[in-house]
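Q: Before I ask anything, let me first share the structure, which is written out below as structure tokens.
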Amino acid sequence: MNTTPGIPRQTRRQFLRAAGLTAGAVLVPRRSAWAKSTGQFQDSVSGSASLRAHAEARGMLVGCAVDPQLLASNHAYNTLVADQCSILVAENAMKWGPLSPAPGKYDFREADALMDFAEKNGQKVRGHNLIWHDALPAWFPGPITKANARQAMVEHIQTEMRHFAGRIHSWDVVNEGIEPKDGRPDGLRKTPWLALAGDDYIELAYRTAREADPKALLTYNDYGIEYPDQEKKRAAVLALVQRMKADGVPLDAVGVQSHLDGDVPPPGRKLQNFVRELAKLDLQVFVTELDVNDGKIPGTIRDRDAAVAKVYRDYLTMMLAEPNVKAVLTWGITDGHSWLNDWEHIKRADGKPLRPLPFGPNMQPTAVFYAERDAIDSSHAT
Ligand code: XIL
Numbered sequence: 032m033n034t035t036p037g038i039p040r041q042t043r044r045q046f047l048r049a050a051g052l053t054a055g056a057v058l059v060p061r062r063s064a065w066a067k068s069t070g071q072f073q074d075s076v077s078g079s080a081s082l083r084a085h086a087e088a089r090g091m092l093v094g095c096a097v098d099p100q101l102l103a104s105n106h107a108y109n110t111l112v113a114d115q116c117s118i119l120v121a122e123n124a125m126k127w128g129p130l131s132p133a134p135g136k137y138d139f140r141e142a143d144a145l146m147d148f149a150e151k152n153g154q155k156v157r158g159h160n161l162i163w164h165d166a167l168p169a170w171f172p173g174p175i176t177k178a179n180a181r182q183a184m185v186e187h188i189q190t191e192m193r194h195f196a197g198r199i200h201s202w203d204v205v206n207e208g209i210e211p212k213d214g215r216p217d218g219l220r221k222t223p224w225l226a227l228a229g230d231d232y233i234e235l236a237y238r239t240a241r242e243a244d245p246k247a248l249l250t251y252n253d254y255g256i257e258y259p260d261q262e263k264k265r266a267a268v269l270a271l272v273q274r275m276k277a278d279g280v281p282l283d284a285v286g287v288q289s290h291l292d293g294d295v296p297p298p299g300r301k302l303q304n305f306v307r308e309l310a311k312l313d314l315q316v317f318v319t320e321l322d323v324n325d326g327k328i329p330g331t332i333r334d335r336d337a338a339v340a341k342v343y344r345d346y347l348t349m350m351l352a353e354p355n356v357k358a359v360l361t362w363g364i365t366d367g368h369s370w371l372n373d374w375e376h377i378k379r380a381d382g383k384p385l386r387p388l389p390f391g392p393n394m395q396p397t398a399v400f401y402a403e404r405d406a407i408d409s410s411h412a413t
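Residues 32 to 413 in the numbering used here are what the sequence shown lists, from first letter to last.
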């Protein structure tokens, strides 16, 4: 496997092959559909050299968040996603807001298209997400009151989970339910769900979820638990999942979102210990939304990619050394389609777009791809 950080080294023969310049006597490997569609010489990163193939060899899953509209309209993008990913998650299409145009109404067309795409390509799908304080329907709370909120929450979980029952790898049942800054002793975030459905809304959500689709792994997903200075958040998440386990609330995994900053010292042993505490509770861990914000990293594109690649390499090598870390998903796959480039407040001083993901805006692999693949090779998931 290539272990050189930065630009991959190809042998002369690989180069000639990729360029289609070898003589008839040499077997030319068949190019992947993606390589053909982009017209690029991608044999060194596609097919058996893809993230997907490397992850399969280690018994783990790799993938990214996707936009079903882009899958339908952009052939180069959808062949890249098919080639590189063994698991997909909807960036927005399975959130309640995008799904529900009116109380009790659901429009599953985009989410269904994603599911069909994944099944056609032999990929698993994560469900993201059921209960969150964000991406609520425009009509929310509308008819929902304290008197009927528990029933409304149960119905939402049942409707969405039953629609996809048996086809989802893992559901983020509650997303971002902890916020120590909100000042509650139990660390729970003050959300509309907490206010409407009561202090045990998380327990109700997971018990409902297990019944609605017993085949799906049930995940608690959160951000900000990755950094050394996030002691309080980590402790509160750990306390939550310990309480859940002690009370017999069904829970199978914790999602560590992993929106990392390129200019902040990397997460260290404290995160590793947290992952080990989760292992003691028999919980899997998924890196669910990895990207690295290079907004404050100066220099050329090459410098920036090298810095982002280092963060990927260090972070994933540390995480994947833990046997209960079973999946890595990036939040998007190409720099041209990253949510980070949509925010005014994280624009770079030089005005250039961010490069937080393994493929560049032209869908070419960057140093980040090689760092991610090397880290996958070091996984202890099996
Ligand atoms: C983000 C999407 O990427 C954006 O397109 C959308 O505008 C807002 O939500 N944590 C999560 C994800 O759990 O659902 C968020 O996704 C990113 C942060």
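We put the CB at the ideal spot given by N, CA and C, even for glycine.
#1: Measure how close the beta-carbons of Glu242 and Ser289 come, nearest whole angstrom, since I'm counting them as under 8 Å.
#2: Can you name, in chain order, every residue of its own chain whose Cβ lies under 6 Å from the Cβ of Asp292, other than the five neighbours on each side?
#3: Rounding to the nearest angstrom, what Cα-Cα distance links Ala56 and Thr110 in this structure?
#4: By alpha-carbon positions, which one of Leu271, His200, Leu161 ends up nearest to Lys131?
#5: Please report how far the alpha carbon of Lys341 lies from the alpha carbon of Val399, in whole angstroms.
#6: For a test of the three-state rule: what should DSSP assign to His290, helix, strand or coil?
#7: Apart from the five residues on each side of it in sequence, which residues of its chain come closer than 8 Å, Cβ to Cβ, to Ala54?
#8: Quick check: does the Cβ of His159 come within less than 7 Å of any heavy atom belonging to ligand 1?
#9: Mind checking Thr319: buried by the 16 CB within 10 Å criterion, or exposed?
#10: Have a look at Gln45 and Ser410 and give me their C-alpha separation to the nearest angstrom.
#11: For Tyr401, list the residues DSSP reports as bridge partners.
#12: From Ile332, Leu271, Gly326, Pro298, pick the residue whose C-alpha is nearest to that of Leu309; which is it?
#13: Should the stretch 196-212 be regarded as contacting the stretch 173-187, the criterion being three or more beta carbon pairs within less than 8 Å?
#14: What is the residue span of the alpha helix (DSSP H) that His194 lies within?
#15: Looking at the secondary structure, which residues open and close the alpha helix (DSSP H) in which Thr110 lies?
#16: With a threshold of 8 Å, are at least 3 pairs of Cβ atoms found where one atom belongs to the stretch 83-92 and the other to the stretch 129-147?
#17: When the distance is taken between beta carbons, is Ala402 closer than 8 Å to Arg344?
#18: Within the same chain, show all residues whose beta-carbon is closer than 6 Å to that of Leu119, passing over the 5 residues directly before and after it, in chain order.
#19: Rounded C-beta distance between Pro168 and Pro223? I'm assuming under 8 Å.
#20: Taking all protein chains shown into account, do 16 or more other C-beta atoms lie within 10 angstroms of the C-beta of Asp165, making it buried, or fewer, making it exposed?
#21: Less than 7 Å between C-beta atoms, sequence neighbours within five positions excluded: which residues of the same chain meet that for Pro396?
#22: So, is Lys221 buried or exposed, given that buried needs 16 or more other C-beta atoms within 10 angstroms?
#23: How should Ala277 be labelled, buried or exposed, when 16 other C-beta atoms within 10 angstroms of its C-beta is the threshold for buried?
#24: Would the beta-carbon of Gln288 be found less than 7 Å away from any heavy atom of ligand 1?
#25: Taking only heavy atoms of ligand 1 into account, decide whether any of them is closer than 7 Å to the Cβ of Asn206.
#26: In terms of residues, what are the limits of the beta strand (DSSP E) holding Val359?
#27: Beta-carbon separation of Ala240 and Ile188 under 8 Å?
#28: By the 10 Å Cβ neighbour count, where 16 or more other Cβ atoms means buried, how is Pro418 classified, buried or exposed?
#29: State the start and end residues of the unbroken alpha helix (DSSP H) segment that holds Gly128.
#30: Ignore the nearest five residues each way along the sequence and tell me which others in Tyr137's own chain have a CB closer than 7 Å to its CB.
#31: Ligand 1 and Trp374: does the residue's C-beta get closer than 7 Å to at least one heavy atom of that ligand?
#32: By the three-class DSSP mapping on this structure, what secondary structure does Ile364 have?
#33: Tell me whether the beta-carbon of Thr361 lies closer than 8 Å to the beta-carbon of Asp322.
#34: Specify the secondary structure class of Thr348 as computed by DSSP and reduced to three states.
#35: From this set, Leu248, Pro245, Gly208, Thr250, which residue's C-alpha is nearest Asp230's C-alpha?
#36: Taking 6 Å as the limit between beta carbons, can you name the residues of its chain near Ser369, skipping five residues before and five after?
A: Checking against the coordinates, here is how it stands:
#1: On the sequence shown, residue 242 is found 211 positions in, with the first residue counted as 1. On the sequence shown, residue 289 is found 258 positions in, with the first residue counted as 1. Not confirmed; about 30 Å, so no contact.
#2: On the sequence shown, residue 292 is found 261 positions in, with the first residue counted as 1. Closer than 6 Å at Cβ, skipping near neighbours: Asn324.
#3: The residue labelled residue 56 in the question sits at position 25 within the sequence shown. The residue labelled residue 110 in the question sits at position 79 within the sequence shown. Bear in mind that the predicted position of Ala56 carries a pLDDT of just 29, short of 50, making it too unreliable to give a figure here.
#4: Along the sequence shown, read from residue 1 onward, the residue named residue 131 stands at position 100. What sits at residue 131 in the sequence shown is Ser, not Lys. That would be Leu161, whose Cα lies nearest to the Cα of Ser131.
#5: Stepping through the sequence shown from its first residue, residue 341 is reached at position 310. Stepping through the sequence shown from its first residue, residue 399 is reached at position 368. CA-to-CA, the gap between Lys341 and Val399 works out to about 8 Å.
#6: Along the sequence shown, read from residue 1 onward, the residue named residue 290 stands at position 259. In the structure shown, His290 sits in a strand (DSSP, three-state: E or B).
#7: Working through the sequence shown from its first residue, we reach residue 54 at position 23. Because Ala54 carries a pLDDT of 29, less than 50, the predicted location of this residue cannot be relied on, and no value is offered for it.
#8: For the purposes of this step, residue 159 is taken as residue 128 along the sequence shown, with counting starting at 1. Result yes, Cβ under 7 Å from ligand 1.
#9: Within the sequence shown, residue 319 is the residue found at index 288, counting from 1. By the neighbour-count criterion, in which 16 or more other beta carbons inside 10 Å mark a residue as buried, Thr319 falls on the buried side.
#10: The residue labelled residue 45 in the question sits at position 14 within the sequence shown. The residue labelled residue 410 in the question sits at position 379 within the sequence shown. Because the pLDDT of Gln45 is 36, which lies under 50, any placement of that residue in the model is unreliable, and the number read from its coordinates should be weighed accordingly. Between Gln45 and Ser410, the C-alpha separation is close to 26 Å.
#11: By one-based count along the sequence shown, residue 401 stands at place 370. According to DSSP, which records beta bridges pairwise, Tyr401 is partnered with nothing at all.
#12: Numbered from 1 along the sequence shown, position 278 holds the residue referred to as residue 309. The option with the nearest alpha carbon to Leu309 is Leu271.
#13: At 8 Å Cβ cutoff, the stretches do not touch.
#14: Taking the first residue of the sequence shown as position 1, residue 194 is located at position 163. Taken as a continuous stretch (DSSP letters only), the alpha helix (DSSP H) holding His194 covers 180-194.
#15: Here residue 110 is taken as the residue at index 79 of the sequence shown, counted from 1. Counting along the chain, the alpha helix (DSSP H) containing Thr110 begins and ends at 106-115.
#16: They do not touch, by the three-pair rule.
#17: For this step, residue 344 is matched to residue 313 along the sequence shown. For this step, residue 402 is matched to residue 371 along the sequence shown. Contact annotation: Arg344 and Ala402 have beta-carbon atoms nearer than 8 Å.
#18: Working through the sequence shown from its first residue, we reach residue 119 at position 88. Only Gly94, Val97, Ala149, Gln154, Val156 meet the Cβ criterion.
#19: Counted from its first residue, the sequence shown places residue 168 at position 137. Counted from its first residue, the sequence shown places residue 223 at position 192. That belief does not hold up - the Cβ atoms of Pro168 and Pro223 are roughly 11 Å apart, past 8 Å.
#20: Here the question's residue 165 lines up with position 134 in the sequence shown. Label assigned to Asp165: exposed.
#21: Locating residue 396 in the sequence shown gives position 365, counting from the first residue. Within the same chain, Cβ atoms closer than 7 Å to the Cβ of Pro396 are found at Val76, Pro389, Phe390, the five residues on either side in sequence being excluded.
#22: The residue you call residue 221 lines up with position 190 of the sequence shown. Taking a 10 Å sphere around the C-beta of Lys221, we find fewer than 16 other C-beta atoms and assign the residue as exposed.
#23: On the sequence shown, position 246 is the one that residue 277 refers to. So Ala277 ends up on the exposed side.
#24: By one-based count along the sequence shown, residue 288 stands at place 257. Residue side-chain check: Gln288 places its Cβ nearer than 7 Å to a non-hydrogen atom of ligand 1.
#25: Reading the sequence shown from its first residue, position 175 is the one you call residue 206. Asn206 Cβ: within cutoff of ligand 1.
#26: Reading the sequence shown from its first residue, position 328 is the one you call residue 359. Run containing Val359: 356-361, per the beta strand (DSSP E) assignment.
#27: Numbered from its first residue, the sequence shown carries residue 240 at position 209. Numbered from its first residue, the sequence shown carries residue 188 at position 157. Contact annotation: Ala240 and Ile188 have beta-carbon atoms nearer than 8 Å.
#28: Any question about residue 418 goes unanswered here, given that the chain covers just 32 to 413.
#29: Locating residue 128 in the sequence shown gives position 97, where the first residue counts as 1. DSSP places Gly128 inside the alpha helix (DSSP H), whose first and last residues are 127-130.
#30: As a working mapping, residue 137 is identified with position 106 in the sequence shown. Excluding the 5 residues flanking it on each side, Tyr137 has same chain C-beta neighbours closer than 7 Å at Leu130, Ser131, Thr190, in chain order.
#31: In the sequence shown, the residue the question calls residue 374 occupies position 343. For ligand 1, not one heavy atom lies less than 7 Å from the Cβ of Trp374.
#32: The sequence position of residue 364 within the sequence shown is 333, counting from 1. Judged by DSSP in its simplified three-state form, Ile364 adopts coil rather than helix or strand.
#33: Walking along the sequence shown from the start, residue 361 turns up at place 330. Walking along the sequence shown from the start, residue 322 turns up at place 291. Yes, these two residues count as a Cβ contact at 8 Å.
#34: Start at 1 with the first residue of the sequence shown, and residue 348 comes out as number 317. Note: Thr348 maps to helix in three-state DSSP.
#35: Looking up residue 230 in the sequence shown gives position 199. Of the candidates Leu248, Pro245, Gly208, Thr250, the one whose C-alpha sits nearest the C-alpha of Asp230 is Gly208.
#36: As a first step, residue 369 must be located in the sequence shown, where it is residue number 338. Apart from the 5 residues on each side of it in sequence, Ser369 sits with its Cβ closer than 6 Å to the Cβ of Gly363, Pro387, Leu388 in its chain, given in chain order.
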